[in-house]
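Q: Quick one: structure below, then a few questions.
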Amino acid sequence: MTIELKANVLTRLFDLYDETVGSFETACVRGCSTCCTCNVTCTTLEGWLLIDHLMASGALNAIDAMVSRAPARRFQPTVTINQMVALCVRGEALPEESNDPGAGACAWLEEQACPVYAVRPFACRAMLSTVSCHGGGEACMPPFILSLNNVMMQYLEALDRPGASGNVADILAFLAEERCRSAYLSQTWREVEPPLLSNHGFAVLMIPPEHRGPLQPVLEQIQAIFSSVP
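Numbering (our numbering) for the sequence shown: 1325 to 1554.
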């Protein structure tokens, strides 16, 4: 599957997710940016969607500014979600990771709003709350949405093979280099260097028993999206 076809699948998955969670009442509104931190992660495919958007608008140089503003203490994962699930299945210990919510705000933010909102990574879309967390409160996410988020992240990682995952600033720094971007687009890039992580497929979906039935219609729609691509 070409990157263009993968990007089409990605946007359709985003649309499916937005439609699915649209039935839940949330407190999230424009200008509420409490959850917009520098700790957002994404895949190279999600990063490419951002890069492609910026190239189309002639604003590719915005990447350098964004990366330079990204706090040094930003979260950089040591395992992907599919690696984490595989470790759990094998009964192995998960590595300790440091994710400091106080590390800083997202470097994209402008007046508490996102200038790339239409093509924001899934991790940004997945941050939903039924209560307002503005002013120091904490987000409250329905358990079903948490399970849906995990499933979507597993599929997104599997879709973007042999790509990589990492902090969005690190993914964009990689893709901003023409040599790296060309290797990714031609799918000839195989070696991943820290702080990026190689993407993996999955054998098991992380769904608790109580959500398997309710999630089945969404899983069938995800499979339909994948099977519609040549």
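The C-beta atom is built at its ideal place from N, Cα and C for all residues, glycine as well.
Can you grab the Cα-Cα spacing for the pair F1526 / E1481, in whole Å?
A: Cα to Cα, the separation comes out at about 9 Å.
Q: Out of Y1479, T1344, P1445, V1364, state which residue places its alpha-carbon closest to the alpha-carbon of V1542.
A: Closest by alpha carbon: T1344.
Q: Quick one: Cα of F1498 to Cα of E1349, how far?
A: Distance between the alpha carbons of F1498 and E1349 is about 37 Å.
Q: Quick check on the burial criterion: 16 or more other C-beta atoms within 10 angstroms. Buried or exposed for L1373?
A: So L1373 counts as buried.
Q: Are G1428 and P1395 touching if we call contact CB-CB under 8 Å?
A: Yes, the pair counts as a contact, with Cβ atoms nearer than the cut-off.
Q: For N1491, is the classification buried or exposed, using 16 other Cβ atoms within 10 angstroms of its Cβ as the cut-off for buried?
A: The residue in question, N1491, is buried, as its Cβ has 16 or more Cβ neighbours within 10 Å.
Q: Buried or exposed, going by whether 16 or more other CB atoms sit within 10 Å of the CB of Y1441?
A: Label assigned to Y1441: exposed.
Q: Taking buried to mean at least 16 other C-beta atoms within 10 Å of its own C-beta, is Q1547 buried or exposed?
A: The residue in question, Q1547, is exposed, as its Cβ has fewer than 16 Cβ neighbours within 10 Å.
Q: Using the Cβ count rule (16 or more neighbours within 10 Å means buried), how would you classify Q1478?
A: Per the 10 Å Cβ criterion, buried.
Q: When the Cα atoms are used, what is the spatial distance from V1391 to H1535?
A: Each residue's Cα considered, the two are about 38 Å apart.
Q: Decide if N1473 is buried, meaning its Cβ has at least 16 other Cβ atoms within 10 Å, or exposed.
A: Answer is buried; the Cβ neighbour count reaches 16.
Q: Which residue marks the beginning of the beta strand (DSSP E) containing N1491, and which one marks its end?
A: Where N1491 is concerned, the enclosing beta strand (DSSP E) stretches over 1488 to 1491.
Q: Could you name the residues of the same chain whose beta carbon sits closer than 7 Å to that of D1424, not counting the 5 residues immediately before and after it, in chain order?
A: The residues are R1397.
Q: Kindly confirm or deny that the segment 1504 to 1519 and the segment 1379 to 1393 touch, where touching means at least three C-beta pairs closer than 8 Å.
A: As far as the Cβ criterion goes, the segment 1504 to 1519 does not touch the segment 1379 to 1393, which means the pair count is below three.
Q: Look at Q1407 and P1519 and say whether their C-beta atoms are less than 8 Å apart.
A: Cβ distance not < 8 Å, so Q1407 and P1519 don't count as in contact.
Q: Indicate whether N1528 and V1409 have their beta-carbon atoms separated by less than 8 Å.
A: Note that residue 1528 corresponds to Val in the displayed sequence, not to Asn. Yes.
Q: Check each candidate in T1404, E1420, A1431 and name the one with the smallest Cα separation from A1300.
A: Because the chain here runs from 1325 to 1554, residue 1300 falls outside it and cannot be looked at.
Q: Using DSSP with H/G/I as helix, E/B as strand and the rest coil, what is T1344?
A: Here T1344 sits in helix by DSSP.
Q: By Cβ distance below 8 Å, which residues in the same chain neighbour P1486 in space, the five residues on each side in sequence not counted?
A: So the list reads Q1511, W1513, R1514, S1522, N1523, once near-sequence residues are dropped.
Q: For L1411, which residues from the same chain have a beta carbon less than 8 Å from its beta carbon, with the 5 sequence-adjacent residues on both sides left out?
A: Excluding sequence neighbours, L1411 sits near V1403, A1417, L1418.
Q: Report all residues from its chain with a CB closer than 6 Å to the CB of E1370; omit the five preceding and five following residues, and keep chain order.
A: Cβ within range, chain order: P1445.
Q: For V1475, collect the residues of the same chain with a Cβ closer than 6 Å to its Cβ; drop the 5 residues on either side in sequence, then sort them by chain order.
A: Only L1529 meet the Cβ criterion.
Q: Let me know the beta strand (DSSP E) ranges lying completely inside the segment 1430 to 1500, each 3 residues or longer, listed in chain order.
A: Complete beta strand (DSSP E) runs here, min 3: 1488 to 1491.
Q: In this structure, does DSSP put S1522 in helix, strand or coil?
A: It is a strand residue.
Q: Less than 8 Å between the CB atoms is what I'm expecting for C1360 and L1470, so what's the real figure, rounded?
A: About 19 Å separates the two Cβ atoms, so there is no contact after all.
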